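Data block below; observations after.
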Amino acid sequence: MRCLNKPVKFFLTMIAIFLFAGCASKEPQIVTKIEYQDVLVPIRCINKMPNKPKYDYEDIQTARELMEYYKTCEELLKGCASQGNEKSKGASNE
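Here the sequence shown stands for residues -21 to -1, 1 to 73, where the numbers follow mature numbering (1 follows the signal peptide of the UniProt record, and there is no 0).
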């Protein structure tokens, strides 16, 4: 019985050595997860807002002036929004 036991112990020892040697030579794998996120940046583009006209209930011309004022403000805001979108698209493409 002792003769059979010695080769089995040797064989099991060699298998254990090969297993540990195989695990020791392998480089550890580092897994990194990259998550992209849009960052909104405030843009200052309007140097000076136009002066808001006073509204007079009895004069219809003041209503027209007020309407033109709001139209001008809306156009300025659209210009800022489109300018901001172009800058953010350019930054994300780089």
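Beta carbons: idealized from backbone N, C-alpha and C, even for Gly.
Remember, it's a predicted structure, so these values are computed and weren't measured experimentally.
Straight through space, the alpha carbons of Ser61 and Ile9 are spaced by roughly 41 angstroms.
Pro32 has its alpha-carbon roughly 7 angstroms from the corresponding atom of Thr41. Just so you know, the alpha carbons of Asp35 and Glu14 end up roughly 55 angstroms apart.
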